[in-house]
Structure formats: C-alpha cells, structure tokens
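200 is the number that this note's numbering gives to position 213 of the sequence shown; each next residue is one higher, with no gaps.
Just below is one structure, and these are the notes that go with it.
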Amino acid sequence: MEVDIKQKILVFFRKNAENYVSGEDISTALGVSRAYVWKYVNKLRNHGYEIEAVPHLGYKIRSSPDKLFEYEVKNGLRTRTIGKKAVHYSESIDSTNNRAYELAEAGEPEGTLVIAESQFHGKGRMGRRWVSPKGGGIYISLILRPDVGTDEIPGITLIAAESIAKVINRITRLSAGIKWPNDIVVNGRKICGILTEIKAQPDRVDFLILGIGINVNTPPGKIPPGGTSLKNETNLSVNRVGLTRDLLEEFEKDYQRFKKEGFSLRETCKGLSLTLGRKVEIREHDRVIKGTAVDIGEKGALIVKNGKGALQRVFSGDVTLFG
-12 MEVDIKQKIL VFFRKNAENY VSGEDISTAL GVSRAYVWKY VNKLRNHGYE IEAVPHLGYK
48 IRSSPDKLFE YEVKNGLRTR TIGKKAVHYS ESIDSTNNRA YELAEAGEPE GTLVIAESQF
108 HGKGRMGRRW VSPKGGGIYI SLILRPDVGT DEIPGITLIA AESIAKVINR ITRLSAGIKW
168 PNDIVVNGRK ICGILTEIKA QPDRVDFLIL GIGINVNTPP GKIPPGGTSL KNETNLSVNR
228 VGLTRDLLEE FEKDYQRFKK EGFSLRETCK GLSLTLGRKV EIREHDRVIK GTAVDIGEKG
288 ALIVKNGKGA LQRVFSGDVT LFG
C-alpha cells in the first residue's frame, strides 16, 4: 500500500512537472485525505526527494535521488510478470541472490525482484565475491520458475546475457559482448556478471535465481582489476532506474520466447559472443579443458574442439580466453 501511494504521488508530480499541484488535487485524484498526502510527501522527502511546498500554490518536485526504489522501478515498467508483483528493496544486503532464494523457498511467485543499493557479500561464480559498492551499480536478483530440465539452464543464463548486452549497446552505443557463459565485456573489460542458482529435482527445476550485477556509474577506484563501468566507457552518467526498467522489459520478452520456443535466440547469442573462435582454457570442477571454442549448442553449452579435433560440450566453468 505504501509503495503504491508513493508511486501514484510521484506519477502525479511528474505529469505536472511544470506546475505546482495542490494537496487537494492530489487527494481527490488518489482518493485519500490531504493529511495523508502530506504524510507521504514527507516520507518522499526523507528518501531524498526535493519537493517544494508553496502556500496557496501547492507542491512541485525539484529533484529525485539516484536510488532504485521499488516505486521508481515499477513506475512505467512495461512488463507483465517481471518486477510487476513483489519488489523487495534494501539499502544494503548481504546478497540479493541469498534473499531471493529465501523468498523463492517461501513461495514467492515468478517475477519477484530483489534490489539492493549495495551488497556486503555479493556473490560471484566459483565462490568468488562480486564487489558491490553503494551508489553506482545495479544489483538485482529475479525469481524464475521455468518448467524446464536442468540441462536447459545454460540457455537461460545466455538469454539474460544477450538481453543485457543488447540494452547496453542500445542505450550507450557501446559494443558490449558476451564472454561465455555469464559475463558482459566492453573493450576487453568486464562490466556485468550474472550468477544463476537453482533448486531442482534430478530432472526438473523447482526455481531459478538470476542474479545480475552491473557497474553503471561505479567510481574507478571501487572496480576490481579487469573491470570497468558504463560511465568509465562513455564519460557520461547513466540513469540507473531507466536502465533497470529497460533490462527487465528486454529480458521478459526474451524469456517468454524461451519458454515458448526453447533456446531459439542461439544465433543472436552467437553473434554477440566474444568467446567463439578463440582458444580457451576452461576449469570445470576438477578438470581443465583446452581447445578452441567453435560453437554454442542447442541448449547453451559451449562446444570446444581440442587439439586432436574432438568436440566437447561444456555446460559450465571458469573460462580464460587466449588469442
């Protein structure tokens, strides 16, 4: 209820951005009392919104904080499921993936979104930590409940990567590509990581947590070696709320296609791949695979040709590129 009221007040302000709007007009439009409007205007101010109040004229919003509040992300979001139902926002959290996993086990529906401004134990692949400083990145996790086998999970990770790369390229004019299986890279440096975690039966997925971390306006001193940010690459600040909405919309479109058609976006993913045609070394659990990445399989596996010409399918692993 509180999120809805804040969202409706902000929509009202922004539709009348050039004019003052009276508390009476807002209360009439929303069907609440003027005292209720005053209460929520003050709550918005406490969250960093600059809202001017002038006697006999009313309110005018002057500025908004750079925060991924749930009502900001949902405002104008053109999805059917993703981010449309429950959105859980935190200033700081141990890990959005951990929180999403807990919520999924408690029965939260597909499309539930967890957002944090920072993580103090952000999770990366292979047990690594994803550095998540406050005030610059996008750190989100989605609950998905696809009716698929575990062997189809690599395809979901890749369509998420493909969706993110497309949106980044569209918004920034950069040339982001996919380093199989889960990294987005710009000019040779990592800008985004994806962590997919599942709970499954032997042959079917119960639920999937899709964690996404993007360095957007992250200061250079807070980015690990080998990484970069959108701001570093463009010299421009990027609106994080708008980027988050675009990502959710793009991913939902591609995810719905996946649920209907399977990994039909394979060729698009191959076109964005920075791995195909390269010599690779892949550490997968207790084995190391070396060769040339020659293809992406029908369910998202990487096809590697070894020195003897034999082909191997790799479904996960830590990839190093050469050449």
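Glycine is no exception: its CB is placed at the ideal position from the N, C-alpha and C atoms.
Note that the structure is a prediction, hence the values are computed from the model and not measured.
The three-state reading of DSSP puts S119 in strand, counting E and B together. For V172, the enclosing beta strand (DSSP E) has its first and last residue at 170 to 173. Judged by their CB atoms, P168 and G284 are not nearer to each other than the 9 Å cut-off. The three-state secondary structure of K292, taken from DSSP, is strand. For K166, the enclosing beta strand (DSSP E) has its first and last residue at 164 to 166. A distance below 6 Å between beta-carbons, with the five flanking residues on each side excluded, links R132 to the following residues of its chain, in chain order: E97, F194. Listed in chain order, the non-local C-beta contacts of E104 below 6 Å within the same chain comprise E78, K121, local neighbours out to five positions each way being set aside. Assigned with DSSP and collapsed to three states, S14 falls in helix. Counting along the chain, no beta strand (DSSP E) covers Q(-6); the unbroken alpha helix (DSSP H) around it starts and ends at -11 to 2. Closest by C-alpha distance to N202, out of V225, T279, R86, is V225.
DSSP, read as helix, strand or coil, puts L217 in helix. Contact between the stretch 29 to 43 and the stretch 65 to 77 is absent: fewer than 3 CB-CB pairs across the two stretches fall below 8 Å. Note on geometry: alpha-carbon atoms of K246 and T144 lie some 13 Å from one another. Secondary structure at D241: helix, using DSSP grouped into helix, strand and coil.
Judged by DSSP secondary structure, I143 falls outside any beta strand (DSSP E) and instead within the alpha helix (DSSP H) spanning 140 to 159.
CA-CA distance, A163 to L259, rounds to 8 Å. G45 is not a Cβ neighbour of Y88, given a cutoff of 9 Å. In this structure I165 does not touch L217 by the C-beta definition: roughly 16 Å separates them, more than the 8 Å allowed. DSSP places T231 in the helix class (H, G or I) of the three-state scheme. D134 is not bridged by DSSP to any residue. Here R49 is exposed: its Cβ has fewer than 16 other Cβ atoms, across all protein chains shown, within 10 Å.
According to the DSSP assignment, A87 belongs to no beta strand (DSSP E) but to the alpha helix (DSSP H) extending over 83 to 92. Distance from the Cα of L230 is smallest, within the candidate group G124, L197, R21, G18, for G124. When only Cα atoms are considered, T262 and T279 end up about 9 Å apart. The beta-carbon distance between D241 and L252, rounded to whole angstroms, is 6 Å. This is short enough to meet the 8 Å contact definition.
A direct Cα-Cα distance of roughly 30 Å separates I181 from D(-9). A straight-line Cα-Cα distance of about 8 Å links E11 and S20.
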